[in-house]
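Numbering (my numbering), first residue to last: 112 to 435.
Structure, as structure tokens:
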Amino acid sequence: MAENINARTRLICLIEILTMYSDEKNIISIDEICEKLGEYGHEVSKRNVLADIKLINSTPMKIIGVNKPKKGFYLAKSYSQASLHLILEAIFSSDMLSEEDFEYIESYLRSNTCLPTLNLILDTTTSLNYALPKLDYSTDVLYNLRIAVRDHKQAKLEVLRSVPEKFFSDAKTVEQIIVNPIRIVVSNGFLALICTRANSPKKAEFINLPRIKSADVLEEKASGFSGDIRAAVNFFDGSRSKASFVLADWLFIRFKTEYIELVENHFNTPVKFRIDEEDGYCIAKTFTAVTNELIGWLFALSDKIEVIAPTQLKNFMAEQAKKI
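Put into structure tokens, the structure is as follows:
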């Protein structure tokens, strides 16, 4: 009985040694394992160690044996090759992650994962998705907003607002607002904050994250919100507006000036505004993909937004309106 207990204790010591002293880049030899087990009070032979390793490998824990750069062993962390592929594929394909996000996750995986395939995947894979421009937002802003949402704290934001001029321009002004953060959402291709104003806690709104230049967490408790955040986000899946064309083109839309924020929140592409000839109206232009989601958004807001160009989209909208 005492011998059985001693053997189990030795297994725990072996796992601890491998956890503390080994990883993919730091191989520990069987002689070193025997020596360290001796420091724990277990005098063992190499045969004992090999038997213990075989026993541990019959569990979800895995001890990897290698011959290079030296002969020995290391304890693999709890990532399977399949899970690593899924994690990395999600990182590569996501347009919701900044380059800083990607670098942090890659660094974390490299330092916390011992599977030999990780470096092989990272060192031999080029993602064309990742080569595309990522969303232009501050990771510091996103971090602070997450803290505010988690801790139910108010946040002080600096938000960019477009200012239409006589000619198309991207002129902006900065507005400081205090909000009750509710949730970070991914919707219709953008990353946004759902919140209420400190002075209007019952009306939820969303702010496209690239428009938020700074966010400070305040000590004041945030007001709760029990409404439907989907209404605030203006979510449109486009399922009811299937167009026969999907293209990227210059989009020109006309609307009342009071709806500027509604428009600039919807696009991740740069948007320029100019004052329209009719008082109280303005026109926005942006080069964007004309997707079913965009068409659904335009249909839902057809009482507020008029499509001027491209002609194909304008005609399509008119035809669909007649059918309705």
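Heads up, the beta-carbon is just placed ideally off N, CA and C, and yes, glycines get one too.
A Cβ-Cβ distance of about 6 Å is found for the pair L122 and D163, placing them in contact under the 8 Å criterion. Only buried fits W408, as 16 or more other CB atoms lie within 10 angstroms of its CB. Linking D360 to S273 through their CA atoms gives a straight-line distance of about 22 Å. The alpha-carbon separation between P171 and K181 amounts to approximately 25 Å. Relative to P381, the option among D387, F366, L362 and E388 whose CA is nearest is L362.
Per DSSP, reduced to three states, the secondary structure at Y132 is helical. Residue range S311 to N319 is occupied by the beta strand (DSSP E) that includes N319, with no alpha helix (DSSP H) assigned at that position. For K181, the secondary structure class from DSSP, reduced to helix, strand or coil, is coil.
The Cβ-Cβ distance between A326 and L268 falls below 9 Å. When DSSP reads this structure, D414 sits in no beta bridge, so it has no partner. When Cβ pairs closer than 8 Å are counted between the two stretches, the stretch 302-317 is seen not to touch the stretch 382-399, the count staying below three. Apart from the 5 residues on each side of it in sequence, E417 sits with its Cβ closer than 6 Å to the Cβ of R365 in its chain, given in chain order. 9 Å or more divides the Cβ of V401 from the Cβ of L373. By the CB criterion at 9 Å, L161 and I138 fall outside the cutoff. In the DSSP annotation of this structure, the continuous segment of the alpha helix (DSSP H) that includes E146 starts and ends at I141 to E150. Sequence-distant Cβ neighbours of K332 in its own chain, meaning closer than 8 Å and more than five residues away, are H263, K264 and Q265. DSSP, reduced to helix, strand and coil, places E154 outside both helices and strands of the structure shown, so it counts as coil. In this structure, V260 places its C-beta atom within 9 Å of the C-beta atom of I295.
Check the Cα spacing between I175 and each of K157, K136 and Y370: the tightest is with K136. Ranked by Cα distance from K147, the first of S334, I126 and F213 is I126.
By alpha-carbon distance to K313, the top candidate from F301, N319, V290 and V297 is V290. By the C-beta density criterion, V297 is exposed, having fewer than 16 other C-beta atoms within 10 angstroms. Counting of Cβ neighbours within 10 angstroms places G335 among the exposed residues, the total staying below 16.
Per the DSSP secondary-structure output, C393 pairs in a beta bridge with F366 and I386.
Distances from the CA of V252 to each of S337, K425, A432 and R322 were compared; the closest alpha carbon is that of R322.
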